[in-house]
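Chains as they are written, first to last, in UniProt numbering: chain X, 1 to 344; chain L, 1 to 344; chain Z, 1 to 344; chain C, 1 to 344.
Glycine residues also receive a C-beta, built at the ideal position from the N, C-alpha and C atoms.
The structure appears right after this line, and notes come after that.
There are 4 protein chains.
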Amino acid sequence: MFFASDNSGPVHPQVLQALTQANSGYAMGYGADAQMDALRDTVRTVFEAPEAAVFLVATGTAANALALATLSQPYQTVFCSDVAHIHEDECNAPEFYSGGAKLTLVPCGDKMSPQALCLAIEGEETRGVHGPQRGPVAISQVTERGSVYSLEELRALTAVAGEFDLPVHLDGARFANAMVALGCTPAEMSWKAGIDAVSFGGTKNGCMGVEAVIFFDPKHAWEFELRRKRGAHLFSKNRFLAAQMLAYLQDDLWLDNARKANANSAYLGEGLHQAGAEFLHKPQANMIFASLPRASHQRAFDAGASYHLWDGPLAGQGDEMVGARFVCDWSISTAQIDEFLALI
Amino acid sequence: MFFASDNSGPVHPQVLQALTQANSGYAMGYGADAQMDALRDTVRTVFEAPEAAVFLVATGTAANALALATLSQPYQTVFCSDVAHIHEDECNAPEFYSGGAKLTLVPCGDKMSPQALCLAIEGEETRGVHGPQRGPVAISQVTERGSVYSLEELRALTAVAGEFDLPVHLDGARFANAMVALGCTPAEMSWKAGIDAVSFGGTKNGCMGVEAVIFFDPKHAWEFELRRKRGAHLFSKNRFLAAQMLAYLQDDLWLDNARKANANSAYLGEGLHQAGAEFLHKPQANMIFASLPRASHQRAFDAGASYHLWDGPLAGQGDEMVGARFVCDWSISTAQIDEFLALI
Amino acid sequence: MFFASDNSGPVHPQVLQALTQANSGYAMGYGADAQMDALRDTVRTVFEAPEAAVFLVATGTAANALALATLSQPYQTVFCSDVAHIHEDECNAPEFYSGGAKLTLVPCGDKMSPQALCLAIEGEETRGVHGPQRGPVAISQVTERGSVYSLEELRALTAVAGEFDLPVHLDGARFANAMVALGCTPAEMSWKAGIDAVSFGGTKNGCMGVEAVIFFDPKHAWEFELRRKRGAHLFSKNRFLAAQMLAYLQDDLWLDNARKANANSAYLGEGLHQAGAEFLHKPQANMIFASLPRASHQRAFDAGASYHLWDGPLAGQGDEMVGARFVCDWSISTAQIDEFLALI
Amino acid sequence: MFFASDNSGPVHPQVLQALTQANSGYAMGYGADAQMDALRDTVRTVFEAPEAAVFLVATGTAANALALATLSQPYQTVFCSDVAHIHEDECNAPEFYSGGAKLTLVPCGDKMSPQALCLAIEGEETRGVHGPQRGPVAISQVTERGSVYSLEELRALTAVAGEFDLPVHLDGARFANAMVALGCTPAEMSWKAGIDAVSFGGTKNGCMGVEAVIFFDPKHAWEFELRRKRGAHLFSKNRFLAAQMLAYLQDDLWLDNARKANANSAYLGEGLHQAGAEFLHKPQANMIFASLPRASHQRAFDAGASYHLWDGPLAGQGDEMVGARFVCDWSISTAQIDEFLALI
């Protein structure tokens, strides 16, 4: 009954096996390995982007912070949702990597609307040299509240960015979950929708620790490489990052995992609905934000369930509804979900 | 015939096996896993340092830059060898992580002498607020030229730092190689010798990608954690870092690997000596800097040998001596070394 | 009819005269001058703070950014009003000087309430190492909308900061204007109200370009000096900063100027009121935010009046009310105000 | 007898008078003043550079650090003399403003030779992504040891930079002193010699606190403006910076002052020579580095002379030669020099 995060489950066996297979003989370090060459080709094919620059790092925060630093200047501001991971969960990594850029929060609580984004952008840079200059727009897909932008919604956001000539970054820590939810292609959900750079997640969907950063315009490649090295995110034994990502992209493992995770989440959501849970956001991928009576949480925790409450600790005695976040990964079993649902 | 680096060889099978074993069920992320608890205890026992703060990152540059940033201020200067890895091979990572501190290079070409270190320290901060203030002393053990400081030499350097009340960091990317060369304990080569913080390497000696950062005074712990997170070096699936390091420290695997690497290097060195090579530095661990006739290099490269020349590319036609670096890891076989020696 | 800013008026003749008097003979540079010694004593006396550390810089942004950097860490967040000068008008200087700290905006539009501040502080650091840590609270007095916190209000804010053990900075670019509005002493409006550091403005109230930074706990002194030098804000000919500030504090010039500015503003406000202006904020010092019919603005601008519209450019044809900011300094004459009032 | 620095003398009366004249009525802030427009035109005329971007700051460190930050990237290294002001006397300001770039010291002790510069540049960037990338070349004219590069020497240095396609910055804190020493035009000593950006000093030569930063290619203008604001170096009352610099450039005041300073230095140097002083560097502008017997220094200090010893404090009893730095500004009188010479 582990719904705490999609980073708490095991690595998929095929990914582990790929590490073992990669562990034969010698390989040049720092990305000059054959697996990296193969991975670059694979990503370009998957994204229908033969010119794309492709890099690997081990954490999602590194992918986001390095990509945004490459797309911005320290005297700019990055536009993002007020609950964006880059704002709430990266301990100022974007500010650090960008050299002190600001994050302008678009009020939304979940998905950004084009109107809210436009207002936020118009709100900056009316002050000439006094305020920060307009910088990249950062979108999370899946959002931090479990929503998925439709392709139309994505395109509407990037159109706003385009009006102001701003680059767009997509935090795709759960790229695969969003893609299978939309039933679209990687290209449709990225460059065809006006995205300039993607953090393409592997860690939350069956890998051990690997994220790709993809720039559709390769002019950013060398700067990114230098920023990655300077940020200490260039792996000497890069082949083991490449091997993970290769296995992840092979034979649709990434899509299979994402489908399982989303299906698990849908199954859990249906059960929560029947148990009278109130949904705080409409779940569209593999995360659910829902309220349950205090006593239900208590029973679940007592029985060993693991997930995050969203409204602070479970203190007090009353039986009001208490919000929580439930995340399903590819590995969670129906039996575990049933066990949990029986408790609440 | 792969002598390019000790990061180009395979991962030790026991480390790989540990990853597989760690891959069962769910675990809380970001270091709140049972493997990390066990690893912390193990490191404290191995170092006879029950209060030490122990953290894991995936790259040596991250370990160094984060440790130095924690020990310094942006208006200070770090004292290090003029061939230190932190100066030559980290693309300004120490400057980045410290927020713009300077590196003061102690002229040495290899090992720092206490006299040269003292002169360098005295040379700074005679200018009040105008120059940078004196910050940490950074020592590499094994050095970047394959030398090993004796315990006496280490203590003499930390004594100089102590006179100026400066903290001391040890870049131990090859900690195990140095330790078996000296035949001492981890404590003797670290806190008993006056070292405040250690980058304790695993990647170059059989791990996939893991380095421990150890502070003997735990007061630095929380700041380090925040700097690690802000630097995007906190792994969500930290258990796979901990598992590597646990396997590495179990049953003396780390020491066995280092002994093999050093023995391989000694065997190669003896062969090079007999082949008339000139040694640029006295090899004391698993790295050799030696000159060979141009033709010998050419034959070796033609036969597929891999290692770095130290004097630029192998252009020209003459047969003068050309310097090179040869690194042996635990996995290189006597047969490979013999094959190489036969060529030159 | 110059109401654009209190930095667009002339320097007070006594300040200019002090520059001339200071210009005799030689003086050691970088703050080791006799004027600086005298100024330090004067500030300590004025603030009843015999231990205070006192420094001079030439711009308000430098005072704010350096003070906040000294009180914070790069992995923290600074709490401030969502219209704070440090957020809106310093082009990321606080982020730059702090090494990448964040600003958490307290929703208020003008004065912060203790409740809103408390909520904002409670909202951070519920995420352990993932979010930024709580850092200093920054208060502007006079606020950016022309309001003045009462001493009770100030103490209520610093009490909230105190509950979380956070230091408090006061942006006193218009310190004198606030003080005369409250009729209190410098000590009452600073350390007696729980303020740890003050940016004490001179430039907007008759000086040429000088601001004092005052730390009531001198433990911050040396770090501030290093940060000031590193930020390139240490003047070689510091005596000319000290001379300005000395003249400013002598014979209550600072208070006289502030009284004049506030009185001018009150006179203008009364006139605006009678002319049917709508006040966006209750003016309490020397700034007025008020709406006038479009045609009134047009007449004023046509006649050469200078001030900032608050709702964008004066486009269109209608006669709706359009917001504007009017700032009075000590030098503006009643005749100028009358001339302006006659136009609208 | 004040030879401590050319920043310890008084401001020239014409500069002070210009401040008084500028102090009439209102002026838009932040550089939108008429004096700034006039100053920009004047600088462009003086430098025969009608397209140049011209900015004012108040300190030389600000001019240098902001100019270098604009010309560099944080993953680069700046090439400079090992006694450069930017290395020794700015408390890491270049590292701070550049976001963590490195300074590569060209061994010279005074003037850089083209050979030494070339070697230093070749020494970097042989390591691909591992080492810092090559960044700007920084030259001081007058050097920190009182030497002056001939135009030929300057051109030889910029030719080296040009081979590697690196921009060149000139630290001209004593630009006028060098120019009158060479008898050349401003253009000849800057863009015609291959210089891309100049810190054009006023403070050390009769101003109160003002330096111009000049980019001959205006493409850098907007970035510089943003970096200046973010660095808190944009003055609200900019007209008082512009007025100083205008007076400085009017009627050749800057050249007259420099000629006086250099002449004073030559007169002092002749006297020192006759007194048996040993010169550490050949004085070519307004600074002298020379050794005198300990007793001579003692007599001079006892009589109130002020200057910096170069070999540490005047301890001990012997009568060996002790090095010192003597700087003459425009204001020092022959009588003072005679008085000093009589003492030694």
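| field | Whole-angstrom C-beta distance between R239/X and Q35/X, which should lie under 8 angstroms | value | 5 angstroms
Q | Cβ-Cβ distance between S306/X and G9/X below 7 angstroms | A | no
One question on the structure: do G109/X and P74/X come within less than 7 angstroms of each other, judged by their Cβ atoms? no
Output, in sequence order along the chain, the residues in the stretch 79-107 of chain C whose CB is closer than 7 angstroms to any CB in chain L. E88, D89, C91, N92, E95, F96, G100, A101 and K102
request  = Determine the chain C residues that contact F2/Z at a beta-carbon separation under 7 angstroms, and present them in chain order.
outcome  = Y26
Burial state of W254/C (16 or more Cβ within 10 Å):
buried
- Query: Which bits of chain X does Y75/Z rub up against, with CB to CB less than 7 angstroms?
  - Reply: C91 and N92
Got a sec: is the Cβ-Cβ distance from H297/Z to anything in chain X below 7 angstroms?
no
Report task. Anything in the stretch 172-203 of chain X with a Cβ closer than 8 angstroms to a Cβ of chain L? List those residues in chain order, please. Result -> T203
- Item | DSSP three-state assignment for D37/C, whether helix, strand or coil | helix
Q. Exposed or buried, which one is V31/X when buried takes at least 16 other CB atoms within 10 Å?
A. The sequence shown places Gly at residue 31/X, not Val. With 16 or more other Cβ atoms within 10 Å, it is buried.
- Quick one: what does DSSP say I86/C is sitting in, helix, strand or coil? helix
- Task: Below 9 angstroms between beta carbons is the criterion; list the residues of the stretch 147-166 of chain Z that meet it against any residue of chain L, in chain order.
- Result: none
*Give a yes or no on whether 7 angstroms exceeds the smallest Cβ distance from A305/Z to chain C.*
no
Next item on the list: Indicate whether the contact test is met: 3 or more Cβ pairs, each with one atom in the stretch 176-191 of chain Z and one in the stretch 133-145 of chain Z, closer than 8 angstroms.
Entry: yes
So, using beta-carbon positions, are V198/L and G172/L closer together than 7 angstroms?
yes
| said: Can you tell me where the beta strand (DSSP E) holding L234/L begins and where it ends? | reply: That residue, L234/L, is in no beta strand (DSSP E); it is neither H nor E in DSSP.
Extract the residue ranges of the beta strand (DSSP E) inside the stretch 27-79 of chain Z, only unbroken runs of 3 or more that lie entirely within it.
53-57
Would F200/C pass as a contact of A52/C if the rule is Cβ separation under 7 angstroms? no
**Report entry** Every unbroken alpha helix (DSSP H) within the stretch 90-154 of chain C, with a cutoff of 4 residues, ordered by chain
**Finding:** 93-98 and 114-123
request  = Taking E225/Z as the query, report the chain L residues whose CB atoms sit under 8 angstroms from its CB, ordered along the chain.
outcome  = V129
Do we get a CB-CB distance below 7 angstroms when we pair K219/C with the residues of chain X?
no
If we ignore side chains and look at the alpha-carbon of each, how far apart do M179/X and V148/X end up? 9 angstroms
Task: Among Q115/C, D6/C and M1/C, the one whose alpha carbon lies nearest that of T203/C - done: D6/C
Kindly give me the distance between the Cβ atoms of A285/C and R127/C, rounded to whole angstroms, as I take these residues to be in contact under 8 angstroms.
-> That pair is no contact at about 39 angstroms.
In terms of DSSP beta bridges, what is F279/X paired with? A290/X
Could you have a look at H297/L and say whether DSSP puts it in helix, strand or coil? helix
Closest to H233/C by CA distance: which of Q298/Z, F2/Z and L66/Z is it?
L66/Z
Below 8 angstroms on the Cβ atoms is my contact criterion, and I expect V160/Z with A63/Z to pass it. Report the Cβ-Cβ distance as a whole number of Å. The Cβ separation is near 24 angstroms, so there is no contact.
Q | Coil, strand or helix - H220/C by DSSP | A | helix
field: Same chain, Cβ closer than 7 angstroms to D322/L, five either side skipped, listed in chain order
entry: It should be pointed out that residue 322/L corresponds to Val in this sequence rather than to Asp. These residues qualify, in order along the chain: S291, L292, R294, H297, L309, D311 and L314.
**Report entry** Contact belief for Y267/L with T158/L at Cβ below 8 angstroms, rounded distance in angstroms
**Finding:** Contact doesn't hold; Cβ gap of about 33 angstroms is too wide.
### Query
Shorter than 7 angstroms from the beta carbon of P283/L to some beta carbon of chain C?
no
Local Cβ density within 10 Å of L280/L, reported as buried at 16 or more and exposed below that: buried
| task | Verify whether the separation of the beta carbon atoms of A261/Z and D329/Z is less than 7 angstroms. | result | yes
Just confirm the distance between the C-beta atoms of F55/X and F326/X, as a whole number of angstroms; I'd bet it's less than 8 angstroms.
-> With 8 angstroms as the limit, F55/X and F326/X do not qualify as a contact, their Cβ atoms being about 32 angstroms apart.
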